[in-house]
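**Q** Encoded as structure tokens, here's the structure I'll be asking about.
In the numbering used here, the protein residues as written are 190 to 231.
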């Protein structure tokens, strides 16, 4: 049996701003993909 990966949705900047949660975490939009950033250090 083969497992397929779910289709990746690419987001526009407007969709990213609308989606952006207020949870204290940092996110970036990179080529349409939302990426959770690590917390700052130092």
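Virtual Cβ for every residue (Gly too), placed ideally from N, Cα, C.
Hey, residue 199 and residue 221: beta-carbon distance below 8 Å or not?
**A** Against a cut-off of 8 Å, the Cβ pair of residue 221 and residue 199 comes out as a contact.
**Q** Might you give, ordered along the chain, the residues of its own chain that have their beta carbon closer than 7 Å to the beta carbon of residue 217, omitting 5 neighbours on each side?
**A** Closer than 7 Å at Cβ, skipping near neighbours: 224, 226.
**Q** Can you tell me whether DSSP reads residue 207 as helix, strand or coil?
**A** Correct three-state label for residue 207: helix.
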